[in-house]
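Single-structure report; data block below.
Chains as they are written, first to last, in the numbering used here: chain A, 58 to 155; chain B, 314 to 446.
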């Protein structure tokens, strides 16, 4: 299961598992986002390299236009994946308060 | 437990269901799940994406190991490709130089505790172990 939507304050919220089967859906949604993008990962259970590719492609596109992606509510497991991938040096990341 | 899966990303949900079942039956620590899920997905996706000449299903076997869980993926009627010899990724490169390619296998090598590749009779088998921490 994977869901992605814009919530009330303009934040993009994701829910579930962002794997290779869901990457096309995530990319299609994020391709429509313009300007600064705050991505709430509080309900993201899992991400694989396919999901990382979606984030990287979108971040590069938005950075080229002077904005980018900010990742918030990042849990420990997801943060480990970002750290191993070097994404912690590429993205502004706010950890989960849990 | 072992099962065969079709060469489709849609099978990922069924692979996750198999992993859930193994963890429940073997009472494995939930903390190992994400590493097992990630390594299994990355290796399966690699086989589906690059071994396009084969029409055979991919066999996944999960069995308890002395220190955790052993997982093997076997791909039939394929050319040799050793994921453990895949090139490294410069994770310190700046954003404009970064591309997603190769990141999956790089993460597998970083996160599992051991990994082994065998190729025999056009069968490609990769086995990894994730230990209880």
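The beta-carbon is built from N, C-alpha and C at its ideal position, and this holds for glycine as well.
| Asked | Found |
| --- | --- |
| On the criterion of 16 or more Cβ atoms from any shown chain inside 10 Å, does residue 419 (chain B) qualify as buried, or is it exposed? | buried |
| Measuring straight from C-alpha to C-alpha, what distance separates residue 356 (chain B) and residue 386 (chain B)? | 8 Å |
| Just to confirm, are residue 130 (chain A) and residue 99 (chain A) a CB contact at a threshold of 8 Å? | yes |
| To the nearest angstrom, how far is the alpha carbon of residue 149 (chain A) from that of residue 60 (chain A)? | 22 Å |
| Within this structure, are the beta carbons of residue 127 (chain A) and residue 90 (chain A) separated by less than 8 Å? | no |
| Which residues, taken in chain order from the stretch 342-354 of chain B, show a beta carbon closer than 8 Å to some beta carbon of chain A? | 347, 350, 351, 354 |
| Could you please give me the residues that DSSP links to residue 59 (chain A) through a beta bridge? | A:73 |
| Taking residue 383 (chain B) as the reference, give the member of B:435, B:368, B:445, B:402 with the closest Cα. | B:445 |
| For the alpha helix (DSSP H) containing residue 375 (chain B), list its first residue and its last residue. | Per DSSP, residue 375 (chain B) belongs to no alpha helix (DSSP H); it is in the beta strand (DSSP E), 371-378. |
| Taking the alpha-carbon positions, what's the residue 437 (chain B) to residue 77 (chain A) distance? | 22 Å |
| Output, in chain order, the set of chain A residues within a Cβ distance shorter than 7 Å of residue 322 (chain B). | 77, 78 |
| Check each residue of the stretch 388-421 of chain B: if its Cβ is closer than 7 Å to any Cβ of chain A, include it; give the result in chain order. | 404, 405, 408, 411, 413, 416, 417, 420 |
| Looking at residue 358 (chain B): is its Cβ nearer than 8 Å to the Cβ of residue 322 (chain B)? | yes |
| Using alpha carbons as the reference points, say which of A:103, A:123, A:153, A:97 lies closest to residue 66 (chain A). | A:97 |
| Taking just the CA atoms, how far does residue 87 (chain A) sit from residue 424 (chain B)? | 28 Å |
| For residue 437 (chain B), which residues does DSSP report across the bridge? | B:388, B:432 |
| Run through the DSSP bridge pairs and tell me what residue 315 (chain B) is partnered with. | B:374 |
| Do residue 375 (chain B) and residue 332 (chain B) have their C-beta atoms closer together than 8 Å? | yes |
| Whole angstroms are fine: how far does the CA of residue 388 (chain B) sit from the CA of residue 435 (chain B)? | 8 Å |
| Using a beta-carbon distance below 8 Å, is residue 128 (chain A) in contact with chain B? | no |
| Once the 5 residues before and after residue 315 (chain B) are set aside, which same chain residues still bring their CB inside 7 Å of it? | 372, 373, 374 |
| Measure from the C-beta of residue 142 (chain A) to each C-beta in chain B and report whether the shortest distance is under 8 Å. | yes |
| If you follow the alpha helix (DSSP H) that residue 418 (chain B) is in, where does it begin and where does it stop? | 416-424 |
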